[in-house]
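Scroll down for the structure; my scribbles are underneath it.
Residue numbers (our numbering): 57 to 324.
Encoded structure:
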């Protein structure tokens, strides 16, 4: 059976023009459960959902973003509305360097800085072959069609953002939505020129052979595991079947250890 770590899925945010996903039929979920059970996969511990102000296109502040992420469906919507989004651009703050505790100025020697492990930045963006992208996208869109939803449109800029994040995870970050020295998904998407007001992300990995078909099987196995989720721990499924999300960015990359990593990024 696949191993998966999941957190509570997102609430719906009408002000971000992203609506609730349709409920999946029992028969469809059973089908995905059977398929997913044949593949050993690991799904990311959660997903991310942030927003921009609709009028200015300004990213939300870090504090506001964090409050939004912490709001889950176990809390009645009336008692915990989504965090208010700022109406003016937040002031930019200079990045602070992480330093060791300040040494006593009377000391004769300056202590040597401790070198922390670094997450390598991708020198080149890892590319996903066209046939792999086409088949994985078709598999996702087939699931949406089964639920009466419009298909995702593959977005090249969003796929670029997904590829950069995928490489960071491979380079040592591990399965995470934000690696050291990396912005949140809103910053990552905007850096690639993606325009959006609602965004989400699914990540995961699974062992596979080197061929395109083997990587497709691993990626589709991850997707099936996500689609087989049941409430309230079904955040990945909600992202895949959210009618308010229209565009998708995909990156499927096999590392040197034979592990295929996948990042699915979504925007409205």
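Backbone N, C-alpha and C define an ideal beta-carbon position, used for all residues, glycine too.
Only a predicted model underlies this, so the values are computations on that prediction, with no experimental measurement involved.
Between residue 305 and residue 215, the beta carbon gap of about 4 Å places them in contact (Cβ cut-off 8 Å). Assigned with DSSP and collapsed to three states, residue 200 falls in helix. Burial check for residue 183: the Cβ neighbour count within 10 Å stays below 16, so the residue is exposed. In this chain, residue 270 is not harboured by any beta strand (DSSP E); it is covered by the alpha helix (DSSP H) spanning 268 to 283. If you compare the alpha carbons of 218, 254 and 251 with that of residue 238, the shortest gap goes to 218. Residue 303 and residue 220 have their C-alpha atoms some 18 Å from each other.
Its Cα nearest to that of residue 258, the residue 281 stands out among 273, 243, 281 and 249. Following the DSSP letters along the chain, one finds residue 262 in no alpha helix (DSSP H) but inside the beta strand (DSSP E) bounded by residues 254 to 263. Annotated three-state conformation of residue 181 is coil, per DSSP. In this chain, the alpha helix (DSSP H) harbouring residue 241 covers 241 to 247.
In this structure the stretch 201 to 211 does not lie against the stretch 283 to 295, because fewer than three pairs of beta carbons, one per stretch, are closer than 8 Å. Approximately 14 Å separates the beta-carbon atoms of residue 240 and residue 248; this is outside 8 Å, ruling out the contact.
Residue 198 counts as exposed, since fewer than 16 other C-beta atoms from the protein chains shown sit within 10 angstroms of its C-beta. In this structure, residue 274 sits near residue 264, with a CB-CB distance shorter than 8 Å. Comparing alpha carbon positions, the residue from 324, 322 and 260 closest to residue 309 is 260. Residue 296: not part of any beta strand (DSSP E); member of the alpha helix (DSSP H) spanning 291 to 296, first to last residue. Under the three-state reduction of DSSP, residue 305 is assigned to strand. C-alpha of residue 323 to C-alpha of residue 312: approximately 30 Å in a straight line.
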